[in-house]
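Just below is one structure, and these are the notes that go with it.
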Amino acid sequence: MSSDNIILPSNKSTNVNPASAQQEAQSSQIIYKSEVMGQLIKMIDRVAASDASILILGESGTGKELIAKAVHEKSRRTNKPFVAINCGALRESLLESELFGHEKGAFTGAYTKKIGLAEVANGGTLFLDEIGELSPGIQAKLLRFIQEGEIYRVGGKDPIQVDIRLISATNRDLESEVMKGNFREDLFYRINTITAHMPPLRRRKEDIPLLINYFLEKGSHKHLNRGRQMSEDAMKVMVKYDWPGNIRELQNVCERLQILSEGHMIMPNDVPENIRNPDQKVVFDDYDPSLTLYELEKRYILKALSYFDGNKTRAANALGITIKTLYNKLHEYGEFDNFAVHSKDIVK
Ligand SMILES: Nc1ncnc2c1ncn2[C@@H]1O[C@H](COP(=O)(O)OP(=O)(O)OP(=O)(O)O)[C@@H](O)[C@H]1O
Ligand SMILES: [Mg+2]
Numbered sequence: 456m457s458s459d460n461i462i463l464p465s466n467k468s469t470n471v472n473p474a475s476a477q478q479e480a481q482s483s484q485i486i487y488k489s490e491v492m493g494q495l496i497k498m499i500d501r502v503a504a505s506d507a508s509i510l511i512l513g514e515s516g517t518g519k520e521l522i523a524k525a526v527h528e529k530s531r532r533t534n535k536p537f538v539a540i541n542c543g544a545l546r547e548s549l550l551e552s553e554l555f556g557h558e559k560g561a562f563t564g565a566y567t568k569k570i571g572l573a574e575v576a577n578g579g580t581l582f583l584d585e586i587g588e589l590s591p592g593i594q595a596k597l598l599r600f601i602q603e604g605e606i607y608r609v610g611g612k613d614p615i616q617v618d619i620r621l622i623s624a625t626n627r628d629l630e631s632e633v634m635k636g637n638f639r640e641d642l643f644y645r646i647n648t649i650t651a652h653m654p655p656l657r658r659r660k661e662d663i664p665l666l667i668n669y670f671l672e673k674g675s676h677k678h679l680n681r682g683r684q685m686s687e688d689a690m691k692v693m694v695k696y697d698w699p700g701n702i703r704e705l706q707n708v709c710e711r712l713q714i715l716s717e718g719h720m721i722m723p724n725d726v727p728e729n730i731r732n733p734d735q736k737v738v739f740d741d742y743d744p745s746l747t748l749y750e751l752e753k754r755y756i757l758k759a760l761s762y763f764d765g766n767k768t769r770a771a772n773a774l775g776i777t778i779k780t781l782y783n784k785l786h787e788y789g790e791f792d793n794f795a796v797h798s799k800d801i802v803k
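Under our numbering, the letters of the sequence shown match residues 456 to 803, in that order.
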């Protein structure tokens, strides 16, 4: 493994994360060998030393929180707290007192004074996960906090100075939320001095084998693994799959394999059925260099057929091609026999 790029940040951060149902990552090692991750890590190395706010964008499970922690650990704030709060997990009033704290008697049930997480993070890093979920009221308060560097506890009159570095993350397209008026433009610019895009795992498949070996050796059930390894064929199956849940999904599957597979070698049959035979989705997010036009067309046509329950006339109509072209395509794909006769294939 020594030729691969593996970063081993120290493990000093405290993840105070009461508002998040997520489990804390077990370690903050970032495993990768892909060029695209290499570039990202280089960029993170450059910006970590500054106090610039960072917005981390990426699909679920791509490692946004892991990167946020790595930034903290490489910054001068490393010996101060890293505090993560999931903005999507609490309703507005609770989130406000969680974030900014409250004074005794501020509202019914506020029997004691409570220090907010922004204050707990003082001197360190505040990680606002799922920032796209913030309500307009909290967006306004957050903006004021970022601009003034001070907070007010709920029910409190005196401002409290707080020095934090802000890192935010979302799997939403925040720019279009700004266009739609759901997210304040001024706040968007404040949290977004630097943007980091986490590439989905399907765009960096060369990282998959490395991650699998890492999770098999280091996962939560490593005591059960007993040096079990993945066979070449099973590895091929795992690399071919598109991992819509990204690294989190890969990690879960590896943990299942640690527990469930029988022999010393993990064979393709040990791999869960949904990964061996995925329901192939046609994803049009953006360009995918691993997907040819031929393959895309094939998947799309087969999807149309299954959508119309095998009715070729309706599928051809919806696709805007003649039924003859559809037949030709099916022959070309070697799928003709699968769709040759269908009781519903009658024009209604
Ligand atoms: N490059 C990596 N090397 C090792 N582990 C990784 C890597 N990327 C992600 N992980 C692990 O995958 C899991 C998911 O990562 P993380 O929680 O950071 O993702 P996320 O983008 O915040 O996900 P979500 O959107 O679901 O909150 C964590 O357990 C994390 O430690
Ligand atoms: Mg997360």
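Every residue gets a Cβ at the ideal spot worked out from N, C-alpha and C, and that includes glycine.
Would the beta-carbon of D500 be found less than 7 Å away from any heavy atom of ligand 1?
For the purposes of this step, residue 500 is taken as residue 45 along the sequence shown, with counting starting at 1. Flag unset: Cβ of D500 not near ligand 1.
Taking contact to mean at least 3 C-beta pairs separated by less than 8 Å, is the stretch 685 to 697 in contact with the stretch 655 to 665?
Contact between the stretch 685 to 697 and the stretch 655 to 665 is present, because at least three Cβ pairs lie under 8 Å.
When every heavy atom of ligand 2 is checked, does at least one fall within less than 7 Å of the C-beta of K519?
As a position in the sequence shown, residue 519 is number 64, starting the count at 1. Yes.
Quick check on F763: does DSSP put it in helix, strand or coil?
Residue 763 sits at position 308 when you count from the first residue of the sequence shown. DSSP places F763 outside both helix and strand once states are collapsed to three, so it counts as coil.
In terms of alpha-carbon separation, which member of L554, G718, E717, L679 lies closest to L589?
Numbered from its first residue, the sequence shown carries residue 589 at position 134. Checking every option, the nearest Cα to that of L589 belongs to L554.
Classify S505 as buried or exposed, calling it buried when 16 or more other Cβ atoms lie within 10 Å of its own Cβ.
Locating residue 505 in the sequence shown gives position 50, counting from the first residue. By the 10 Å Cβ count, S505 comes out exposed.
Measure the alpha-carbon distance for I540 versus A565 and round it to whole angstroms.
Position 85 of the sequence shown, counted from the start, is the residue given in the question as residue 540. Position 110 of the sequence shown, counted from the start, is the residue given in the question as residue 565. Their Cα atoms are separated by approximately 21 Å.
Heavy atom of ligand 3 less than 7 Å from the Cβ of D584, yes or no?
In the structure shown, ligand 3 is absent; the only ligands present are ligand 1 and ligand 2.
What three-state label does DSSP hand A561 in the structure shown?
Against the sequence shown, residue 561 aligns to sequence position 106. Note: A561 maps to coil in three-state DSSP.
According to DSSP, simplified to helix, strand and coil, what is T780?
Position 325 of the sequence shown holds residue 780. Residue state, collapsed to three classes: helix.
Do you know how far the Cα of F791 is from the Cα of A770?
Along the sequence shown, read from residue 1 onward, the residue named residue 770 stands at position 315. Along the sequence shown, read from residue 1 onward, the residue named residue 791 stands at position 336. Rounded to the nearest angstrom, the two C-alpha atoms are 14 Å apart.
Does DSSP put P602 in a helix, a strand or coil?
Within the sequence shown, residue 602 is the residue found at index 147, counting from 1. The sequence as given places Gln at residue 602; Pro does not occur at that position. In the structure shown, Q602 sits in a helix (DSSP, three-state: H, G or I).
Tell me whether H504, by its Cβ, gets closer than 7 Å to a heavy atom of ligand 2.
Translated into the one-based positions of the sequence shown, residue 504 becomes position 49. As written in the sequence, residue 504 is Ala, which differs from the His given in the question. No, the beta carbon of A504 sits no closer than 7 Å to any heavy atom of ligand 2.
CB-CB length for G571 against G556, believed under 8 Å:
Translated into positions along the sequence shown, residue 571 becomes position 116. Translated into positions along the sequence shown, residue 556 becomes position 101. Rounded, the Cβ-Cβ distance is 3 Å, consistent with contact.
Near A759, which residues of its chain fall below 8 Å by C-beta distance, leaving aside the five closest residues on each side in sequence?
For this step, residue 759 is matched to residue 304 along the sequence shown. Around A759: A770, A773, L774.
Can you find the residues in the same chain that come closer than 8 Å, C-beta to C-beta, to R546, ignoring five residues on each side of it along the sequence?
Numbered from 1 along the sequence shown, position 91 holds the residue referred to as residue 546. Around R546: no qualifying Cβ.
C-beta atoms of R532 and R620 nearer than 8 Å:
Taking the sequence shown and counting its residues from 1, the one referred to as residue 532 is at position 77. Taking the sequence shown and counting its residues from 1, the one referred to as residue 620 is at position 165. For R532 and R620, yes; Cβs fall inside 8 Å.
Hey, would you say T517 sits closer than 8 Å to P655, going by beta carbons?
Reading the sequence shown from its first residue, position 62 is the one you call residue 517. Reading the sequence shown from its first residue, position 200 is the one you call residue 655. Yes, these two residues count as a Cβ contact at 8 Å.
Just the C-alpha distance for K673 and S530, rounded to the nearest angstrom, thanks.
In the sequence shown, the residue the question calls residue 673 occupies position 218. In the sequence shown, the residue the question calls residue 530 occupies position 75. Roughly 26 Å between the two C-alpha positions.
Taking all protein chains shown into account, do 16 or more other C-beta atoms lie within 10 angstroms of the C-beta of F794, making it buried, or fewer, making it exposed?
In the sequence shown, the residue the question calls residue 794 occupies position 339. It counts as buried.
Identify whether Q616 lies in helix, strand or coil by the three-state DSSP scheme.
The sequence position of residue 616 within the sequence shown is 161, counting from 1. The answer is strand: DSSP assigns Q616 an E or B state.
Quick one, are the C-beta atoms of A651 and I522 less than 8 Å apart?
As a working note, residue 651 is residue 196 in the sequence shown. As a working note, residue 522 is residue 67 in the sequence shown. In this structure, I522 lies closer than 8 Å to A651 by Cβ.
Which class does A689 belong to by DSSP, given the choice of helix, strand or coil?
Residue 689 sits at position 234 when you count from the first residue of the sequence shown. Here A689 sits in helix by DSSP.
Taking DSSP's pairing of strands, which residues face D662 in a bridge?
As a first step, residue 662 must be located in the sequence shown, where it is residue number 207. BP columns for D662 are empty, so no partner.
Take the Cβ of M653 as the centre, count every other Cβ of all protein chains shown within 10 Å, and call the residue buried at 16 or more, exposed below.
Indexing the sequence shown from 1 puts residue 653 at position 198. Burial call: buried.
4 or more residues per run - each alpha helix (DSSP H) lying fully within the stretch 497 to 585:
519 to 529, 547 to 555, 572 to 575
Cβ neighbours of F643 in the same chain (closer than 7 Å, five flanking residues each side left out)
Counting from one through the sequence shown, the residue named residue 643 turns up at place 188. Here the set comprises L629, V633.
Figure out for me which residue from P744, D734, Q484 has the closest Cα to the Cα of S761.
Taking the sequence shown and counting its residues from 1, one reaches residue 761 at position 306. Closest option to S761, Cα to Cα, is D734.
Please list the terminal residues of the continuous alpha helix (DSSP H) segment that includes N637.
For the purposes of this step, residue 637 is taken as residue 182 along the sequence shown, with counting starting at 1. Unbroken run through N637: none, as it is neither H nor E.
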